[in-house]
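To start, the structure under review is shown below, and the notes come after it.
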Amino acid sequence: MAILKTNQLTKQFGDFKALDGVNIEVNEGEVYGFIGPNGAGKSTTIRVLLGVLKASSGEATIFGQDVWKDAVAIHKRIAYVPGDVNLWPNLTGGEVIDLFVKLRGGNNQSRREELIKKFDLDPTKKCRTYSKGNRQKVALIAAFSSDADLYILDEPTSGLDPLMERVFQESVIDLKREGKSILLSSHILSEVEKLCDRVGIIRQGHIIESGTLHELRHLTRTHLLVETKQPITSLEGMKGVHDIEESEKGLSIQVDSEELDQVLQHISQFGVVKLESAPPTLEDLFMRHYESTGAGGAS
Amino acid sequence: MANPLFNQTWKLSRFILRRDRFKLPIWLLSLTGITILIAESFTGLYPTDESRESIAQTMVNPAMTAMVGPGYGLDNYTIGAMMAHQMLLFTAITVAIMSILIVANHTRADEEDGNLEMIRALPTGRLSNLSATIVVLLGVNVVLAMASGLGLYALGIESMDLQGSLLYGAALGATGFFFTSVTALFAQLSESSRGTIGLSFTVLGVAYFLRAIGDVSNEAFSWASPLGWILGTEVYVNNYWWPIVLTCGVSVLFILIALYLSSIRDLGAGFLPSKPGKKNASPFLQSPLGLALRLQRTGLISWAVGMVFLGVSYGSVFGDLDSFFNDMEVMEEFLSPVAGVSITEQFTAKLMSIISMICTIPALMVLFKLKGEEKKNRVEHLLGRAVSRTRLLGSYFVISLITGFVMLSLAALGLGSVALSVMDSSMSLGTFYSSAMVYMPAMAVMIGIAALLVGFLPNITGFTWLYLGYSFFVVYLGGMFQFEEWVGNMSPFAHVPQLPVQEMEWGSTSALIVIAVALIVAGFAGYNKRDIQG
């Protein structure tokens, strides 16, 4: 069942079209990875979903309710962490966490303490003295200690160190286990890969690819490292073979997933000594789309 | 400076001068400029001995003494004596503020931001930055002393001789130097620049009040205050130099202590323990209203103190209003006499229009804080949770309205109670209070305009200030410039019945209330419709 759904969501700032027909769908109990380069429209989408910006056209619903008209009712059931956490310099972290939790409604003191310990935050310090990572921790602790149905996290780990990133990932996995739904916007691909069931890639206000990681991998290439008894010939001309590189370790090639069978049959003729294959990473996937942006034209 | 602790002090001094190449000249020019201009204007305002005599009489009351210090030479109230009495203390306080801000900026603030770490990693001495700051401030205060001293002397006013003028300048410079040393010391003790500035301002505030208490009761208190020493010079009357020497001596002592402390402490550390903040939010701080109040707490308290101060200071001149107005022709244009109404009542009515406009300032600031929060991306935290826009704007609106009401009440009651204590009149405190409260609808119109702009056009909220400035101009100075009637009528403050001179007028008052309500309702509607920026 879709908990969050947008249909042809468009947002215009003057002449600039920040979102151009965005369709995303987050199902119950699912972690949805929302990825894309900076300025692609991730945060704008999220801010429309929060009812902070008003969509120029299209529909967006959360729990079946309109994100603009029923914002307050929706917000009672969601928790949000902004990408750029700005806090009040003269309040302490502890005060801000309490305020946030209270404003949502509900109060879970033991969870709060547990999270403060896990994220290693000193709640008695004024927000003025916090680094970006610590401000993010404040927002994360406030979000995770509230009992929400949907968590909207906008690049939540951009300021965290690797240890804290891990704590974050554990917390997300805990939530997932409890059957919560999560919209995770990120450009840290390894994180999305680890946590998300489905991903949507946004670029220039368009969703250019979406589906489960499994489905998307289909669209991409497998990396092969081979060593053969005889040198492999006539590989260059083969369909679906890219980026051939010779190295001391052997021959490194990228193969389109649908051509894998053909390529392997060809290679085996030369007497395989060693064969390593690596699944395509989200990074490859992302880069492929990203590079076509660099080339200029829309893909 | 051969001592390695002070290595490169001169270079760092030049670096500070370079960084503050605009700030320092602006401070110096405005301080000396205002000093000289005021002295010059006194000669025009009070040209005769008699006019000065009568103003001297109005100055002799405890409220005035507490505010500006004891008057010397009141029996022969020359322009010079007047200058030293009415201007010296407040100019000195401004110089102190300048010194505090600049010193804190170059010592603890730089340390906190990590700039000092880079400087210290270069071949500079451990004390170089602190000593360079002190050297620069010493120079600034010497320049200030010389410029204002010579400037005053250059006016060629008879009662302002060379010695007195130089002493006047020296008194300003010494105050600046004293607060340089105080701030330098606190920069070592406190761990943060806010702490440094806060503690230094506390010393300034305590010095002011200690002197105020001392001047009206026991002189011993005044001599415990550095500002008391400054006034003790009795400039242009007796010209005592020894308080300047005393002030500078104590300053040097503080500087030595500061340098010593700086030499033995770690970078980034302080001597005062920084107390940990609250771990949990109080029950009060758990709603948008509580948050809005908490964020503006310090500002609101300062305004409240300021408004009481404003009321009290205006109230203190009520005792001698008649002689004040009879001797000054310019005042007659300002207040045209009306038959059957006392000058006191007329002055009250005029004053309340001004006070109400001043009290509008904090009320507007409260509402505009919401816009500031939006710009800083903090409104999202609230609207992203179960807080509706109406509730958010409503919180700020309610605080704004209450702020206006409380400020106006404080100023009116402060004014009324002091005025009644210094004059014999049939007026009651209620008269003062109602003549102020009648301005609440006009203030609500201003708040309504602010709400409308926050709701629809948050980028041009500055227009409200312009409009308030316009109102101030046409209502306050309208009588002097003889504007056309419609010019004045453009301001809501012009449609308020001038109690106690005029009768209460419910028609215009109700009209103002209706306009205010309409503006506010529209503002809320707009805020519910627009994109939140950030």
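Those protein sequence lines, which keep their order, are chains L and X.
Per the working numbering, residue 1043 is the first one in the first sequence, and the count goes up by one each step.
Per the working numbering, residue 23 is the first one in the second sequence, and the count goes up by one each step.
C-beta: ideal position from N, C-alpha, C; glycine also.
Where residue i sits in the DSSP three-state scheme
i	result
residue 224 of chain X	helix
residue 1256 of chain L	helix
residue 190 of chain X	helix
residue 540 of chain X	helix
residue 238 of chain X	helix
residue 1316 of chain L	strand
residue 23 of chain X	Any reading at residue 23 of chain X needs caution, since the residue's pLDDT is 48, under 50, leaving its predicted position unreliable; the model's value is listed next. Correct three-state label for residue 23 of chain X: coil.
residue 272 of chain X	helix
residue 1058 of chain L	strand
residue 1289 of chain L	strand
residue 1270 of chain L	strand
residue 1168 of chain L	strand
residue 1249 of chain L	strand
residue 1063 of chain L	strand
residue 550 of chain X	helix
residue 505 of chain X	coil
residue 318 of chain X	coil
residue 463 of chain X	helix
residue 297 of chain X	coil
residue 213 of chain X	coil
residue 1341 of chain L	Per-residue confidence for residue 1341 of chain L stands at a pLDDT of 33, beneath the threshold of 50, marking its modelled position as unreliable; the derived number appears in the next sentence. Reduced to three states, the DSSP call for residue 1341 of chain L is coil.
residue 1336 of chain L	Caution is warranted here: a pLDDT of 46 is assigned to residue 1336 of chain L, below 50, making its placement in the model unreliable, and the coordinate value is therefore given only provisionally. Helix at residue 1336 of chain L.
residue 291 of chain X	coil
residue 518 of chain X	coil
Residue i: first and last residue of the uninterrupted beta strand (DSSP E) it sits in
i	result
residue 1069 of chain L	1067–1069
residue 257 of chain X	Here residue 257 of chain X belongs to no beta strand (DSSP E), and DSSP marks it neither H nor E.
For residue i: DSSP bridge partner residues
i	result
residue 1049 of chain L	L:1101
residue 1107 of chain L	L:1104
residue 1282 of chain L	DSSP output for residue 1282 of chain L lists no bridge partner at all.
residue 1296 of chain L	L:1265, L:1284
residue 1074 of chain L	L:1225, L:1240
residue 1195 of chain L	L:1123, L:1226
residue 1044 of chain L	L:1069
Local Cβ density within 10 Å of residue i, reported as buried at 16 or more and exposed below that
i	result
residue 145 of chain X	exposed
residue 471 of chain X	buried
residue 1161 of chain L	buried
residue 484 of chain X	exposed
residue 282 of chain X	exposed
residue 1130 of chain L	buried
residue 1043 of chain L	exposed
residue 1278 of chain L	exposed
residue 480 of chain X	buried
residue 1337 of chain L	Confidence at residue 1337 of chain L is low in this model, with a pLDDT of 39, below 50, so the placement of that residue should be treated as unreliable; the coordinate-derived value is given next. With fewer than 16 Cβ atoms within 10 Å of its Cβ, residue 1337 of chain L is classed as exposed.
residue 325 of chain X	buried
residue 1275 of chain L	exposed
residue 1121 of chain L	buried
residue 1339 of chain L	Legend: pLDDT at residue 1339 of chain L = 35, less than 50; position of this residue unreliable, value from coordinates given subsequently. Exposed is the call here.
Start and end residues, alpha helix (DSSP H) containing residue i
i	result
residue 1310 of chain L	1302–1310
residue 165 of chain X	150–176
residue 513 of chain X	Here residue 513 of chain X belongs to no alpha helix (DSSP H), and DSSP marks it neither H nor E.
residue 1140 of chain L	1135–1146
residue 131 of chain X	Note, residue 131 of chain X: premise wrong, no alpha helix (DSSP H); not H, not E.
residue 1189 of chain L	That residue, residue 1189 of chain L, is in no alpha helix (DSSP H); it is neither H nor E in DSSP.
residue 498 of chain X	484–498
residue 558 of chain X	Outside the shown range of chain X, which is 23 to 556, sits residue 558 of chain X, and nothing can be said about it.
residue 1151 of chain L	1151–1161
residue 55 of chain X	45–67
residue 16 of chain X	The requested residue 16 of chain X is not part of the displayed model; chain X covers only 23 to 556.
residue 449 of chain X	Looking at the DSSP string, residue 449 of chain X is not in any alpha helix (DSSP H), and its letter there is neither H nor E.
residue 32 of chain X	31–41
Chain-ordered neighbours of residue i on chain B, where CB pairs are closer than 8 Å
i	result
residue 1092 of chain L	Considering every chain present, this structure includes no chain B. Its protein chains are L and X.
Give, in chain order, every residue of the region 1180–1193 of chain L whose Cβ lies closer than 9 Å to some Cβ of chain X. 1181, 1184, 1188
When Cβ atoms are compared, which residues of the region 376–400 of chain X fall closer than 7 Å to chain L? 398, 399, 400
Name the residues in the region 1138–1156 of chain L whose C-beta lies less than 7 Å from a C-beta of chain X; which are they? 1140, 1141, 1142, 1144, 1145, 1146, 1147
Residues of the region 407–421 of chain X in Cβ contact with chain L at a cutoff of 7 Å, in chain order, please. Listed by position along the chain: 407, 408, 409, 410.
Along the region 1114–1127 of chain L, what residues have a CB closer than 7 Å to any CB found in chain X? 1114, 1117, 1118, 1122, 1124, 1126
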